[in-house]
Structures are given as C-alpha cells and as structure tokens.
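S.K.: Heads up, the sequence shown is in our numbering, so the first residue is 11 and it goes up one at a time.
Idealized CB from N, CA, C, for every residue including glycine.
Being a predicted model, the structure only gives us computed values, none of them experimental.
Before anything else, here's the structure in question.
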Amino acid sequence: MVEWLDPLILARWQFGLTTLYHFLFVPLTIGMVILVAMFQTAWVRTAKLKYLHLTRLFGKIFLINFAMGVVTGIVQEFQFGMNWSDYSRFVGDVFGAPLAMEGLLAFFLEASMIGLWIFGWDKLPAKLHLAVIWLLALSTTLSAYFILAANAFMQNPVGFEINEELGRAELTDIGAVLTNPVALTQFPHTIFASIMFAAVVIVAVAAYHLSKGQYLDEMRTALRFGLIVNVIAFVGVALSGDQLSLVMVETQPMKMAAAEALYQTTAGASFSIFTWGTPDGSSELFSIRVPYLLSILSTQDPMGTVEGINDLQAQYQTEFGPGDYTPIIWITYWSFRWMIGLGALSALVSLVGLWLTRGGRTPSGWAWKVAIWAAPLPLLASLVGWTFTEMGRQPWIVFGLMRTEDGVSPGVTGLEVLISLIAFTLIYGVLAVVEFRLIVRAAVDGPKEWAKYDADQHDDEAGTGSVDPAKLATVY
Numbered sequence: 011m012v013e014w015l016d017p018l019i020l021a022r023w024q025f026g027l028t029t030l031y032h033f034l035f036v037p038l039t040i041g042m043v044i045l046v047a048m049f050q051t052a053w054v055r056t057a058k059l060k061y062l063h064l065t066r067l068f069g070k071i072f073l074i075n076f077a078m079g080v081v082t083g084i085v086q087e088f089q090f091g092m093n094w095s096d097y098s099r100f101v102g103d104v105f106g107a108p109l110a111m112e113g114l115l116a117f118f119l120e121a122s123m124i125g126l127w128i129f130g131w132d133k134l135p136a137k138l139h140l141a142v143i144w145l146l147a148l149s150t151t152l153s154a155y156f157i158l159a160a161n162a163f164m165q166n167p168v169g170f171e172i173n174e175e176l177g178r179a180e181l182t183d184i185g186a187v188l189t190n191p192v193a194l195t196q197f198p199h200t201i202f203a204s205i206m207f208a209a210v211v212i213v214a215v216a217a218y219h220l221s222k223g224q225y226l227d228e229m230r231t232a233l234r235f236g237l238i239v240n241v242i243a244f245v246g247v248a249l250s251g252d253q254l255s256l257v258m259v260e261t262q263p264m265k266m267a268a269a270e271a272l273y274q275t276t277a278g279a280s281f282s283i284f285t286w287g288t289p290d291g292s293s294e295l296f297s298i299r300v301p302y303l304l305s306i307l308s309t310q311d312p313m314g315t316v317e318g319i320n321d322l323q324a325q326y327q328t329e330f331g332p333g334d335y336t337p338i339i340w341i342t343y344w345s346f347r348w349m350i351g352l353g354a355l356s357a358l359v360s361l362v363g364l365w366l367t368r369g370g371r372t373p374s375g376w377a378w379k380v381a382i383w384a385a386p387l388p389l390l391a392s393l394v395g396w397t398f399t400e401m402g403r404q405p406w407i408v409f410g411l412m413r414t415e416d417g418v419s420p421g422v423t424g425l426e427v428l429i430s431l432i433a434f435t436l437i438y439g440v441l442a443v444v445e446f447r448l449i450v451r452a453a454v455d456g457p458k459e460w461a462k463y464d465a466d467q468h469d470d471e472a473g474t475g476s477v478d479p480a481k482l483a484t485v486y
C-alpha cells in the first residue's frame, strides 16, 4: 500500500493516463481536418453536392473532436506545475519555448480559422472559405510540430546550456530546438498516422450507411476515398518510421536495443517477430526471426552492428554514474511490435476493401462489419507507439540530463496525487462517454439534414447532383 502512495509512481501513472487520453483526440483532429479540406476542395472544383455533404458531415465530427481535444489538452499544462515542478524548473526555459510558440502562433491561428470556417459558410466567397479550411489544417499541423519539438527535447536535448549557479537548462538556440532531428522525423510519422485514423473513421461511417443502403452516392465516394488514403498514409508511416528508427539509434541506442530485447552487441542482427524468454528477460528460449532486419532498420546495412543492452548499460554507468539505465524490456519490446502490427493490419484491411469494391462491386454483410470494427486500429497503433517512445526513454525524463525520479514535485504527497488521479479519471470517463455518443450520433445521422435542405432549396435541372458553390447559401 505504501508503494502505491509513492508520489513518483502515482505522478507517472497520472501523466501517462491523461496524456494517452488526450491523445485519443489528437490524431482524429489532425487527420480529419486535412481530409475535410480535401472534400471541400472537391466540392468547390466540381460543384457536386455529394462533396459538400461529406464536408459537412465529417466537418461536424472534426469539430466535436476538436472541442474535446482542447478541453483535455488544458489538463496537460496543469500537471507540469502540480506533479513535475522540479522538471519544470530545470527545463522550463527550453521546453516552454516551443509550447509558447504553439499557443501564441499556431493555436491562435487555429482558433481564428475554425471560427471563420464555422460561421463563414454563407458569408464568405466559396474560394475564400476553402482557403480558411486549408489555413486551419496548416495551423493544426503546425501546432503538432511545436509540441513534437518540445517532446523531442526530452528525447534528444539540444540548443541549451546548463546554468550551474541556478541548476537549470537555459535556451541558447531556438533554431536547434525546432530542427531537432527527432522532431523532424517524428513529425511526418505522426501526421501520416493521424491521417490513417481519420481515413478509417471515414471508411467506418461510409460502411455503416452502405450496409443500410443509405446515401449511396456520398458513401461510395467516401468509402473508396478513405480506403485509398489509408493505404497511402500507411506507406508514409512506414517510410517515415524507417527514418525515425535511424535517428533513434543515433540519439537513444538503448531504446532500439530494448525494442528488440538485444542484450549482446550484434552485427547482422535479426528482428524477432515473437520471442519467449526467461522470466527475468535476460535470455531467449524461443523466437521467430527475420534475418538481418534489425540491422537494416538500425543502420540500413544488413551486416550493420547494433549495440546491445549490456554494453550500453556499462557505457552509461561510466558516463552517468552507477544506476540501471535499462527501460522495462517487455513493455518496450511488445509496444514496438503492436505499433507495427496494428498499423499494418489496418492497411491490409483497406487493401482487401479496395479489392472487394473494385469496379463498383458491393461487398457482403461481413465486410461492412470488419470495416466498422477495424476503425480503432490506427489509433491503437499510435497509442502503443507513444507508449514505446516514452517508456523506452526511461529512466530519463530528459535523456542524459535528468532522471524521471528527479523531476517529481518534492512537496506533493502520494495521497494528493492519488486524489487528483481519481478525479481526473472520473471526469475523463464522463467526457469519453459524451464524446463517443456525440460522434456516433453524427455518424449515424449522416448528411440527411443537409441533403434535405439542399433538395428543398436548390433545383438541379441537369440532374447532375451539382450546384454552383458561389450561389449556395448553407447553414450549420
């Protein structure tokens, strides 16, 4: 019981749970705004009402999710002062800079554009309104970059110097922080993963309505669009992930060694798809391996040398002093594989979906259910991917500079952290139910209210399902 009232353990649990909960909304926000902008572009270019209906439908889902993401993101700011004051004092001058830029630049632009987009449908010219949604997409991705740059400092601290008198890191080069190799490779990996999730949400909504025989023109378009985008985005995830692994080996070799549970430095290292080892994880009993793949991922050379956990542990003890510098192996090992496996499975489902719907074919009932239930796969892949990223960095909160145990607030008791943890969990549980029900309701309703409105207000004499965007007054 005493151990579970340890402020460090509880603070880590609270930060992990609230961060992962917040990240439930981040990928859909980033990915959906880009795809909604594509739908609106198609409407402005073609004047086909089906694209307008898809813009409105998935724009509504985006707005619901965006609002919830803002609410849950605010809590993240509180935690640095509540539970991690020593961390905030030590790196606040550096870590806070990209976060301040995110708030003052990216989020301000994001908030302005989202207001213009919501209320500008019947007030702005169609092309100007289209520019607004693209600026919104740009500001959302820019916001993600600044946050990733702050996180990248924790993985690979650059652009600072230590003030020995004050005992803290001070910013010396904001350019180095913003061009951190970890941030430059994390960014496309995160964006492509977000687009994957948004694409499969579109697929799931389209599959539901097609299974009911509703809105066939809109939903056939949405289905094929989502399937194609998901496959393309997965290719982007794989390519950017390859570059990210190279940077990870350079900046955090222990993380890559732990990801493979590789204890001995090896040339021509294989990659294990599955490994069964001794209870302490120090030796292997059985594994299924792909020869040379780990060396290719780590060095782009089939015979490249990958450093092992034992050698790195000895190196870190010499460099940083006595201590255990090994992350929890089983979490790092399996989260790395689940990340890859879930993402690949999502892409495989989309490839099968493209095959089943080729040439206008209509799949059977089971295919619709698979499309709907496969929607969470990219999100789960992102969640375990971030678990790998953060847990693989341990025992460091800032790699090579500060251990996690040294960053916790010294004046906070375990009971205080436990009370706030319970409160956050209960509040987040309620918010999760509200968010899920609102999105499901919007998805199930589909574009019926707008389809009826357009049918009542506009006369398509040519029967093309199109209308001039410049003459279309619309309402939310």
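Would you mind working out which of Gly333, Val259 and Gln323 sits nearest Leu304, comparing C-alpha positions?
M.R.: For Leu304, the nearest C-alpha among the options comes from Val259.
S.K.: DSSP on Val418, reduced to helix/strand/coil?
M.R.: In the structure shown, Val418 sits in coil (DSSP, three-state: anything other than H, G, I, E or B).
S.K.: Going by C-alpha to C-alpha distance, which of Val443, Leu138 and Phe163 sits closest to Gln262?
M.R.: Checking every option, the nearest Cα to that of Gln262 belongs to Phe163.
S.K.: Once you ignore the five residues that flank Leu15 on each side, which residues in its own chain have a CB closer than 7 Å to its CB?
M.R.: Excluding residues within five positions, the ones whose Cβ falls inside 7 Å are Gly424, Leu425 and Leu428.
S.K.: How would you call Val440, buried or exposed, if buried means at least 16 neighbouring beta carbons within 10 angstroms?
M.R.: The residue in question, Val440, is exposed, as its Cβ has fewer than 16 Cβ neighbours within 10 Å.
S.K.: Could you check the C-alpha separation between Gly314 and Ser255 for me, to the nearest Å?
M.R.: So the alpha carbons of these two residues sit roughly 14 Å apart.
S.K.: DSSP three-state call for Leu361: helix, strand or coil?
M.R.: Three-state DSSP puts Leu361 in a helix.
S.K.: If I follow the unbroken beta strand (DSSP E) through Glu426, where does it start and stop?
M.R.: Counting along the chain, Glu426 falls outside any beta strand (DSSP E), though it belongs to the alpha helix (DSSP H) covering Gly424 to Asp455.
S.K.: For the region 228-291, list the alpha helix (DSSP H) runs that are entirely contained and at least 4 residues long, ordered along the chain.
M.R.: Correct list: 263-270.
S.K.: Does the distance from the CB of Ala243 to the CB of Glu317 come in under 9 Å?
M.R.: Contact flag unset, no.
S.K.: For chain B, find out if any of its Cβ atoms is closer than 9 Å to the Cβ of Gly106; answer yes or no.
M.R.: Within the model displayed, chain B is absent; a lone protein chain is all it includes.
S.K.: Answer yes or no: do Ile157 and Leu411 have a C-beta to C-beta separation smaller than 9 Å?
M.R.: It is not a contact, given that the beta carbons lie outside the stated cut-off.
S.K.: Can you give the Cα-Cα distance for Thr29 and Met401, rounded to whole angstroms?
M.R.: Their backbone Cα atoms lie some 13 Å apart in a straight line.
S.K.: For Phe88 and Gln24, I'd like the C-alpha separation in whole angstroms.
M.R.: About 12 Å.
S.K.: Can you name the start and end residues of the beta strand (DSSP E) that Trp406 belongs to?
M.R.: Trp406 to Val408 is the extent of the beta strand (DSSP E) around Trp406.
S.K.: Return helix, strand or coil for Val316, following the three-state DSSP convention.
M.R.: Looking at Val316 - three-state DSSP - the assignment turns out to be strand.
S.K.: Would you mind stating whether Ala21 and Val211 have Cβ atoms separated by less than 9 Å?
M.R.: Against a cut-off of 9 Å, the Cβ pair of Val211 and Ala21 comes out as no contact.
S.K.: Tell me the DSSP secondary structure of Asn166 in three-state form.
M.R.: Reduced to three states, the DSSP call for Asn166 is coil.
S.K.: With 16 as the cutoff for other CB atoms within 10 Å, does Ala357 come out buried or exposed?
M.R.: Classification for Ala357: buried.
S.K.: Just to check my reading of the structure: Ser149 and Glu112 have Cβ atoms closer than 8 Å, yes? What is that Cβ distance to the nearest angstrom?
M.R.: The pair is not a contact, with the Cβ atoms about 10 Å apart (cut-off 8 Å).
S.K.: Please return the same chain residues whose Cβ sits closer than 6 Å to the Cβ of Ala193, not counting the five positions on each side in sequence.
M.R.: Leu158, Ala159 and Ala162.
S.K.: Following the continuous beta strand (DSSP E) through Ala179, name the residue where it begins and the one where it ends.
M.R.: Its beta strand (DSSP E) spans residues Arg178 to Leu181.
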